[in-house]
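Enquirer:
Chains as they are written, first to last, in this note's numbering: chain E, 22 to 374; chain R, 22 to 374.
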């Protein structure tokens, strides 16, 4: 099985998601700037995986700080964290991962630099390990929502490649299959970056899970024809009221699901829930380079000089979300109360608030 | 200005829409089998253009028939027509064009083969000329529906490249601009064949019309953000009740437009209206090769051996259609009555019924 992002002695190792499924290439990033670059360039993507990668970035940055002075160390760590935080704006897990690393330093005021460095590496590795466990729990919590002998549509890639392993949305699908259900998956190709065609199709195929690829604009018609029984997607940031930022196109899928009376599930860890965001309109939406739209695999597909919009995410209003599946349980409307309740039940894991 | 499809002494000349916008290549088809191949392979596409190309195909086929015996000529013409009719199933204009050519033969029972050949060529050229005039009329009829200083989203290409010239949906936009209005166009790229990115963006850019390219899954979000004020699309076949078959993804756009209270207009000539089809579920939907989804410009974008669905069209139920813009006027619900009325007013042009 492939590893999405991993801590090794040589550095932070990531599978290069830009070249999948053609090539399975692992790259080693030896300093925090290189890790930041990998996040920005989407070598690694997917909210939980970005959170893990950012934590690894902080850890590798911390190891390279040369000072023995704890105060100077903290200052340099702040610079490292700021750079990592500037890579991508929408997925809150990035900030959550960095914040969790900061808390290690804050809660160990008397430690030496060497001690802090060890604590930071341990924390980053723990975040990574926890993420896999969290995904498995999301999977088992959501497994009951998918019916036996049914189909599920997913958008983008919220799979093992978007997390430390197993996946969120694909974790739910894997959980249902592990529970003995027969599930057929429809994968939206997810333009412009083609996470569905390149990543979801690849990792499900590798797992022997039945997957059918469609273009994004086919999803509505497949629903209309009764071919899709549920929708499961991941999330990049969930506001306190349940509004969900996720890969561009998710909003459209949600509207089409409601029109066709199909349940629309969001699967995400608590680290994706941002209770400080009252509603989805406040979530910053990244706009990426126009070349992602005008070029595919380096080949131009549109006239030169054409104007392009390229928002990388959209926000699905909570009213379209049937349920949010987390590692702490399944939440349904009213989300304001339900999401808050998840954290109240587990104050220790709520380090981002 | 480019010519989509044209009758010349050398044969039927078409701009090869498969290689636009990279190359502006004109190909000459010298017999009906070659014309049929060009329709099937989408050298020419777009319902009205297919209708014209099919008529040209019948005409060039008729010219090549060697017999002097009128009965044998009719029989051979039947074989030619059948082959042309088998190229693509959804756009009714194909059958309409062929049927109109058949009527020329049927209504001239005493003519010699040479006379019939001349009549058929004349009819095909007339169909071509009429199509341009019809598009201009659709444009002026629809111009009033678009507001000054507004934006319009279009899906696929219902432009000059989809017709003999000027376009249906893009005809409405051109009509509004010619009427002095400022219109900004958003073009869905329209996977898998990328008619929006390759063709609509190209022909609007060429005309100096303000166009912004987006991926299909961005349209809903653009609507949600208030950036799209109306939607105008073409059609491949409109059933008697107003249900509209058009390029895959149109249904999704229509549902999203209604969700966001945006008018959704269909622009099409009477030759696209099929009163024999009571409703949209009866319209045959072409499923095309999976390679259109898995490859872009010859480059694979999905894992090998992946399952794919590739319906080329979908059907938008009439309830989502704000109005249908034709050369005979603008029709609103109830469509059953309104669409029939268009033909009643003009029995002479109703040769397809």
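Note that the Cβ used here is the ideal one computed from N, Cα and C, for glycine as well. Quantities reported herein were computed from a predicted structural model and do not represent experimental measurements.
On the three-state DSSP scale, how would you describe residue 178 of chain R?
Expert: By 1-based counting over the second chain, the position of residue 178 of chain R is 157. The answer is coil: DSSP assigns residue 178 of chain R none of H, G, I, E or B.
Enquirer: Suppose contacts are defined by Cβ-Cβ distances below 7 Å. Is residue 238 of chain E in contact with residue 251 of chain R by that definition?
Expert: Here residue 238 of chain E refers to the residue found at position 217 of the first chain. Here residue 251 of chain R refers to the residue found at position 230 of the second chain. No, Cβ-Cβ distance for residue 238 of chain E and residue 251 of chain R is not below 7 Å.
Enquirer: Just checking my contact of residue 184 of chain E with residue 228 of chain E at CB under 8 Å: how many whole Å lie between their CB atoms?
Expert: As a first step, residue 184 of chain E is located in the first chain; it is residue number 163 there, counting from the start. As a first step, residue 228 of chain E is located in the first chain; it is residue number 207 there, counting from the start. So it is not a contact: roughly 14 Å between Cβ atoms.
Enquirer: On the CB-based measure, 16 or more other CB atoms within 10 Å of its CB, does residue 88 of chain E come out buried or exposed?
Expert: Numbered from 1 along the first chain, position 67 holds the residue referred to as residue 88 of chain E. Exposed, by the Cβ-count rule.
Enquirer: For residue 380 of chain E, which residues in the same chain have their Cβ closer than 7 Å to its Cβ, ignoring the five residues on either side in sequence?
Expert: The shown model of chain E, from 22 to 374, leaves out residue 380 of chain E, and the question about it has no answer.
Enquirer: Check whether the Cβ of residue 239 of chain E lies closer than 7 Å to any Cβ atom in chain R.
Expert: As a first step, residue 239 of chain E must be located in the first chain, where it is residue number 218. With 7 Å as the cut-off, residue 239 of chain E counts as an interface residue toward chain R.
Enquirer: Within 7 Å (strictly less), CB to CB, does residue 265 of chain E reach chain R?
Expert: As a working note, residue 265 of chain E is residue 244 in the first chain. With 7 Å as the cut-off, residue 265 of chain E does not count as an interface residue toward chain R.
Enquirer: Work out the CA separation of residue 364 of chain E and residue 207 of chain R for me, nearest whole Å.
Expert: Within the second chain, numbered from 1, the residue matching residue 207 of chain R stands at position 186. Within the first chain, numbered from 1, the residue matching residue 364 of chain E stands at position 343. Cα-Cα distance, rounded: 42 Å.
Enquirer: Please state if the CB of residue 83 of chain E and the CB of residue 118 of chain E are separated by a distance shorter than 7 Å.
Expert: Numbered from its first residue, the first chain carries residue 118 of chain E at position 97. Numbered from its first residue, the first chain carries residue 83 of chain E at position 62. No. Outside cutoff.
Enquirer: Which residue wins for smallest C-alpha separation from residue 212 of chain R, given the options R/103, R/176, R/352?
Expert: Here residue 212 of chain R refers to the residue found at position 191 when the second chain is read from its first residue. The shortest Cα separation from residue 212 of chain R among R/103, R/176, R/352 belongs to R/176.
Enquirer: Going along chain R, which residues have a C-beta under 7 Å from residue 178 of chain E?
Expert: Mapped onto the first chain, residue 178 of chain E falls at position 157. Neighbours of residue 178 of chain E on chain R: none; closest Cβ ~12 Å, over 7 Å.
Enquirer: Residue 233 of chain E touches chain R at which residues, Cβ-Cβ below 7 Å?
Expert: Along the first chain, one-based indexing puts residue 233 of chain E at 212. Within 7 Å Cβ-Cβ: 328, 329, 330.
Enquirer: CB residue 65 of chain E to CB residue 26 of chain E, shorter than 7 Å?
Expert: Your numbering for residue 65 of chain E matches position 44 in the first chain. Your numbering for residue 26 of chain E matches position 5 in the first chain. A contact, by the Cβ cut-off of 7 Å.
Enquirer: Whose CA, out of R/226, R/149, R/290, R/132, lies closest to the CA of residue 24 of chain R?
Expert: As a working mapping, residue 24 of chain R is identified with position 3 in the second chain. Minimum Cα distance to residue 24 of chain R is reached at R/149.
Enquirer: Along the chain, where does the alpha helix (DSSP H) containing residue 244 of chain E start, and where does it finish?
Expert: What you label residue 244 of chain E is simply residue 223 of the first chain in a count that begins at 1. First-last of the alpha helix (DSSP H) with residue 244 of chain E: 240-245.
Enquirer: Residue 322 of chain R and residue 194 of chain E look like a contact to me (Cβ under 8 Å); what is the Cβ gap, rounded to whole Å?
Expert: The sequence position of residue 322 of chain R within the second chain is 301, counting from 1. The sequence position of residue 194 of chain E within the first chain is 173, counting from 1. About 22 Å separates the two Cβ atoms, so there is no contact after all.
Enquirer: For a contact defined as C-beta to C-beta under 8 Å, what are the partners of residue 222 of chain E on chain R?
Expert: In the first chain, the residue the question calls residue 222 of chain E occupies position 201. Correct list: 323, 324, 327.
Enquirer: Evaluate residue 136 of chain E with the Cβ neighbour count: other Cβ atoms within 10 Å of its Cβ, from every protein chain shown; 16 or more gives buried, anything less gives exposed.
Expert: What you label residue 136 of chain E is simply residue 115 of the first chain in a count that begins at 1. By the 10 Å Cβ count, residue 136 of chain E comes out exposed.
Enquirer: Is it the case that the Cβ atoms of residue 352 of chain E and residue 331 of chain E are separated by a distance below 7 Å?
Expert: Taking the first chain and counting its residues from 1, the one referred to as residue 352 of chain E is at position 331. Taking the first chain and counting its residues from 1, the one referred to as residue 331 of chain E is at position 310. Going by C-beta atoms, residue 352 of chain E is not nearer than 7 Å to residue 331 of chain E.
Enquirer: Locate the beta strand (DSSP E) running through residue 352 of chain E, then write down its first and last residues.
Expert: Position 331 of the first chain holds residue 352 of chain E. Looking at the DSSP string, the run of the beta strand (DSSP E) that includes residue 352 of chain E is 350-352.
Enquirer: Enumerated in chain order, which unbroken segments of the alpha helix (DSSP H) with a length of 4 residues or greater are wholly contained in the stretch 85-126 of chain R?
Expert: Fully enclosed alpha helix (DSSP H) runs of 4 or longer: 91-106.
Enquirer: Scan the stretch 276-293 of chain R for residues whose Cβ lies nearer than 7 Å to a Cβ of chain E and list them as they occur along the chain.
Expert: Within the stretch 276-293 of chain R, the residues whose Cβ lies closer than 7 Å to some Cβ of chain E are 276, 277, 280, listed in chain order.
Enquirer: Do you know offhand how far residue 300 of chain E's Cα is from residue 155 of chain R's?
Expert: Taking the first chain and counting its residues from 1, one reaches residue 300 of chain E at position 279. Taking the second chain and counting its residues from 1, one reaches residue 155 of chain R at position 134. Roughly 49 Å between the two C-alpha positions.
Enquirer: Taking only beta-carbon atoms, is residue 39 of chain R less than 7 Å away from chain E?
Expert: Taking the first residue of the second chain as 1, we reach residue 39 of chain R at position 18. Answer no: the Cβ-Cβ gap between residue 39 of chain R and chain E never drops below 7 Å.
Enquirer: Here's the rule: buried if 16 or more other CB atoms are within 10 angstroms of the residue's CB, otherwise exposed. What is residue 283 of chain E?
Expert: Numbered from its first residue, the first chain carries residue 283 of chain E at position 262. Flag for residue 283 of chain E reads buried.
Enquirer: How about residue 178 of chain R and residue 324 of chain E: are their beta carbons less than 7 Å apart?
Expert: Along the second chain, one-based indexing puts residue 178 of chain R at 157. Along the first chain, one-based indexing puts residue 324 of chain E at 303. No, Cβ-Cβ distance for residue 178 of chain R and residue 324 of chain E is not below 7 Å.
Enquirer: In three-state terms, what does DSSP make of residue 162 of chain R?
Expert: As a working note, residue 162 of chain R is residue 141 in the second chain. Note: residue 162 of chain R maps to helix in three-state DSSP.
Enquirer: Please identify the residue among E/279, E/59, E/306, E/311 whose C-alpha is closest to the C-alpha of residue 339 of chain E.
Expert: Taking the first residue of the first chain as 1, we reach residue 339 of chain E at position 318. Taking only the C-alpha atoms, the option nearest residue 339 of chain E is E/279.
Enquirer: What are the uninterrupted segments assigned as alpha helix (DSSP H) that are 4 or more residues long and contained completely in the stretch 198-249 of chain E, given in chain order?
Expert: Here the runs fully enclosed are 222-227, 240-245.
Enquirer: Within the 7 Å Cβ cut-off, does residue 270 of chain E reach chain R?
Expert: Here residue 270 of chain E refers to the residue found at position 249 when the first chain is read from its first residue. With 7 Å as the cut-off, residue 270 of chain E counts as an interface residue toward chain R.
Enquirer: Using 8 Å as the cut-off, can you tell me whether the stretch 256-263 of chain R makes contact with the stretch 187-201 of chain E, which would need three or more C-beta pairs spanning the two stretches below that distance?
Expert: No, because fewer than three Cβ pairs between the stretch 256-263 of chain R and the stretch 187-201 of chain E fall closer than 8 Å, the two stretches do not touch.
Enquirer: Does DSSP put residue 283 of chain E in a helix, in a strand, or in coil?
Expert: Against the first chain, residue 283 of chain E aligns to sequence position 262. Reduced to three states, the DSSP call for residue 283 of chain E is coil.
Enquirer: Go through its chain and collect everything with a Cβ distance to residue 146 of chain E's Cβ below 7 Å, but skip five positions before and after it.
Expert: As a first step, residue 146 of chain E must be located in the first chain, where it is residue number 125. Excluding sequence neighbours, residue 146 of chain E sits near 28.
Enquirer: Closest to residue 143 of chain R by C-alpha separation, out of R/186, R/121, R/224, would be which residue?
Expert: Position 122 of the second chain, counted from the start, is the residue given in the question as residue 143 of chain R. Out of R/186, R/121, R/224, R/121 has the C-alpha closest to the C-alpha of residue 143 of chain R.
Enquirer: Where do the ends of the alpha helix (DSSP H) carrying residue 315 of chain R lie?
Expert: Here residue 315 of chain R refers to the residue found at position 294 when the second chain is read from its first residue. 312-315 is the extent of the alpha helix (DSSP H) around residue 315 of chain R.
Enquirer: Mind checking which residues open and close the alpha helix (DSSP H) that includes residue 11 of chain E?
Expert: Nothing can be reported for residue 11 of chain E, as the shown portion of chain E is limited to 22 through 374.
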